[in-house]
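Here is the structure we will look at, set down as structure tokens.
Protein chains: 2
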Amino acid sequence: MGLVVQKFGGTSVADATKIHRAARRAIKTKLDGNRVVMVVSAMGHTTDHLLALAKQITHNPPHRELDVLLTTGEQVSIALMAMAIAEAGERAISLTAAQVGLVTDSVHSRARIKHISKERIEAELQAERIVIVAGFQGIDPVGEITTLGRGASDTTAVALAAVLGADHCEIYTDVDGIYSANPRLVPQARKMDQISYDEMLEMASLGAEVMHSRAIEFGKKYSVPIHVRSSFTDNPGTMIVESTPGMEDVVVRGATLKEDLATVVFTDIPNEPGVAARIFSRIADNHIVVDDIMQNVHSGGTRATIGFSMLADDLPAIRNIAEILQREIHFGGAEITEGVSKVSVIGIGMRSHSGVAQKMFEALAESNINIRHISTSEIVISCIINSTDGQKALLKLHNAFALDTLPISVN
Amino acid sequence: MGLVVQKFGGTSVADATKIHRAARRAIKTKLDGNRVVMVVSAMGHTTDHLLALAKQITHNPPHRELDVLLTTGEQVSIALMAMAIAEAGERAISLTAAQVGLVTDSVHSRARIKHISKERIEAELQAERIVIVAGFQGIDPVGEITTLGRGASDTTAVALAAVLGADHCEIYTDVDGIYSANPRLVPQARKMDQISYDEMLEMASLGAEVMHSRAIEFGKKYSVPIHVRSSFTDNPGTMIVESTPGMEDVVVRGATLKEDLATVVFTDIPNEPGVAARIFSRIADNHIVVDDIMQNVHSGGTRATIGFSMLADDLPAIRNIAEILQREIHFGGAEITEGVSKVSVIGIGMRSHSGVAQKMFEALAESNINIRHISTSEIVISCIINSTDGQKALLKLHNAFALDTLPISVN
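Protein sequence lines, in the order shown, are assigned to chains L and S. Just so you know, we're using the working numbering here: the first sequence kicks off at 1 and counts up by one. Just so you know, we're using the working numbering here: the second sequence kicks off at 412 and counts up by one.
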């Protein structure tokens, strides 16, 4: 008998009609001969509504109390889902994180899962119930209520699938799979049948907001096949799986555009041990998340240029930090640029194929797009360009790497 | 150092302004040198909103899941209250029933408290925090979420006050105390400074909906002084306390009117052992709550008349039961009367004073009000009359017993 974990996001449980639809899908999966565990998010805009309530009380809510507040959203959803399944004549039971025994560390608002007990869920499955688990929430070892971070119901689902040894984890959402690029920006974007965990991880961190990154990491770590699909159709979506040798034949699988970035370049820095550490620890202390870092040396290796990209929202904070660092380190200057975006191409095939970077740069040059910064990792090449060129660049790269056509194996 | 439990009902935490007001009150009580435990209800109409959500899903929700759903209302309130107190610079912590260890039996939607752990609350009080406990909710011995019945946050508060040995329990509400009669019906009704548990219990069951009956029972059982007062003023309200000999000098303390009743009279019943039991067990099996029962015998004690009052809402069910009973018991007939109300006078002084019934009947006669049924208990006399006479009767009795004047001790 199979075991399937099905996760329904906020848009998939936004109202009574959608809750009933999700309930029918779980019941069908059960009647097809599977044991079924559902993970549900808060309905629609519930979390935003709760955050707005908190904001009416204070602009600086304690994270512990914010977690107590926000976890009610998922608790409402699990109860309603259990009612919907009962209404349809099937057996179901809702479980909070405390009732499951989903234990996290004690870092409120971004806790990490430490341990999940199987006992209660397995007993309920044994009793032929559909088990409905509240996503996003946990309890710490002393029973304090925690949350796993915004969008982390995906993580709850994949972690449960891993612990329970599920055949696969289905992520039901309002899109019908993972696309070669954002279909709102690239009309000819193609839905992929499958993608590797590594590629999906890069796509997610590069702005493809279909899935929570940590969920993909869990999937990769515990080899849980993840099926991202629409809650409104029966069409198959995209399977996120371990890479196979055949998958590497496709050199580039997707392209992304990350907007609203800024870059900072510290020029003429003394290139001594510890200088980069000093710069980035001060930035991290101010809770600014750095995107990509690019460093070069000059003057015989004695001086360096360090550049990095970041969200434009954090610019006011970075200006203060730059002034402080200037006094401490005595570098040439801090050149801050707003209005930039990052285009990237992603593919595990890059590991074994050369010429991808060259092809990317040529394509951008053909469209007369100037490249400000370049950074690469094992399976990603990114270029920072002017925001005004962003969409044009994404379309050009999608076309240059023929992402709209079915990948053809070169074997 | 004193210990005070303060309960804030739904109207007292209905929005951010009111939550801040309640927070200030708790902080002031703490700064006055007390340890403070707050019990809060769900905000305003939250519970009704959640019930409406459930109704969109099913008209027959499992009680277990209804409890999972409804307890979110109080969880939202405790988190927001903790945020409000933190915003004001004081220390506070919110606790769910599971975190407190407020253990009930397993009867969902009307669970009874079995045990309350003091450890967590006392540790938090020791750490100089204001402790905010979710009202209305509990967990059963295996960790299932339960609720104590509508309006039962009062019960949570008084039970906590009993367990913690609080000096008193303050019930903050939208009225400023207990009145000699409903002020909406009797403009000259007087707010009482104090009332005994027994009188308050009768007042509550006779339709004075200020407090949950079970909370008063807890107060009586564990001698917890209960202070019912307005959350919007600093005026003292009404203390609910143990009766003292002096209190019995007041013969009648309050008068009530209970409307929307019906009466059923079974005539010419064989007066044999077990007949009454048979009638009322069949009624109870159908979950009909009987109000007062009045029985008389005639024909040398061989035949009886049994009458009882009940909510008019249950009339359709009672007609069926009457038909079934008629076939089983062969009595004369079932006379069902709609459109009746019950006026009552309440006072522990009745125990030691005579003539109260006579005075009541005379007062009603003076106003030309016909009495259909009479029932009495140790501290209550009730008359069932036509609904059209209800308000007139209440005003007359309030006046006849001089309830608008300060009780004068006859010692």
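Idealized CB from N, CA, C, for every residue including glycine. Being a predicted model, the structure only gives us computed values, none of them experimental.
Would you call the region 740–759 of chain S and the region 671–686 of chain S in contact, with 3 or more CB pairs under 8 Å? yes
What does V487/S reach in chain L if we use C-beta pairs closer than 9 Å? L50, L53, V68, L69 and T72
For V662/S, which residues in the same chain have their Cβ closer than 7 Å to its Cβ, ignoring the five residues on either side in sequence? G758, G760, M761, H764 and V767
Which first and last residues belong to the alpha helix (DSSP H) in which D565/S is found? S564 to L575
Identify the residues that DSSP records as bridge partners of A503/S: which are they? I541/S
Strictly by DSSP, which residues pair up with E335/L? V265/L
With Q188/L as the anchor, note down where its alpha helix (DSSP H) starts and where it stops. Counting along the chain, Q188/L falls outside any alpha helix (DSSP H), and DSSP gives it neither H nor E.
I need the boundaries of the alpha helix (DSSP H) containing S205/L, first residue and last residue. Y197 to S205
Would you tell me roughly how many angstroms separate the C-alpha atoms of N822/S and V451/S, rounded to the nearest one? Bear in mind that a pLDDT of 37 at N822/S, under 50, signals an unreliable position, so the number given afterwards is only what the model happens to contain. The straight-line gap from Cα to Cα measures roughly 42 Å.
Quick check: the Cα distance between G2/L and I216/L, rounded to an integer number of angstroms? 22 Å
One question on the structure: do T483/S and V100/L come within less than 7 Å of each other, judged by their Cβ atoms? no
Are the beta-carbon atoms belonging to Y583/S and S788/S less than 7 Å from one another? no
Would a check of beta-carbon distances place I57/L closer than 7 Å to chain S? yes
Where does A776/S sit, in a helix, a strand or coil, going by DSSP? helix
Closer than 6 Å to a non-hydrogen atom of the ligand SAH - does that hold for the CB of T422/S? As for the ligand SAH, it is missing from this structure, which has no ligand bound.
Counting only beta-carbon atoms, is L890/S nearer than 7 Å to chain L? Missing from the structure shown is residue 890/S; chain S here goes from 412 to 822 and no further.
Contact with chain L by Q548/S, beta-carbon distance below 7 Å: no
How about P472/S: is its C-beta nearer than 7 Å to some C-beta of chain L? yes
Residue-level contact to chain S via CB, A127/L, 7 Å cutoff: no
Count the C-beta pairs between the region 94–114 of chain L and the region 513–521 of chain S that are closer than 8 Å, then say yes if the count reaches three, no if not. no
Against chain L, which members of the region 496–508 of chain S pass a CB distance test of less than 8 Å? A497, E498, I504, S505 and T507
Using beta-carbon positions only, say whether A82/L and A92/L come within less than 7 Å of one another. yes
I want to verify the contact list: residues of chain L whose CB lies under 8 Å from the CB of G554/S, in sequence order. A98 and Q99
Please classify N60/L: does DSSP put it in a helix, a strand, or coil? coil
Can you find a CB in chain S that lies within less than 7 Å of the CB of A422/L? This structure cannot settle anything about residue 422/L, because the visible part of chain L is limited to 1 through 411.
Hey, how far is the Cα of T388/L from the Cα of I550/S? 58 Å
Does L80/L get closer than 7 Å to chain S when you measure Cβ to Cβ? yes
If you follow the beta strand (DSSP E) that H709/S is in, where does it begin and where does it stop? V701 to H709
Check F218/L in the structure and name its three-state DSSP category. helix
Using a Cβ cut-off of 7 Å, pull out every chain L residue sitting near E773/S, in sequence order please. Residues of chain L passing the Cβ test: none, with the nearest at roughly 56 Å.
For I398/S, which residues from the same chain have a beta carbon less than 7 Å from its beta carbon, with the 5 sequence-adjacent residues on both sides left out? The structure shown has nothing for residue 398/S, since chain S only spans 412 to 822.
Using 10 angstroms around the beta-carbon of K342/L, count the other beta-carbons present and answer buried if the total reaches 16, otherwise exposed. buried
So, helix, strand or coil for V686/S, using DSSP? helix
Could you check which residue in A317/L, G246/L, P183/L and A16/L has the C-alpha nearest to that of H470/S? A16/L
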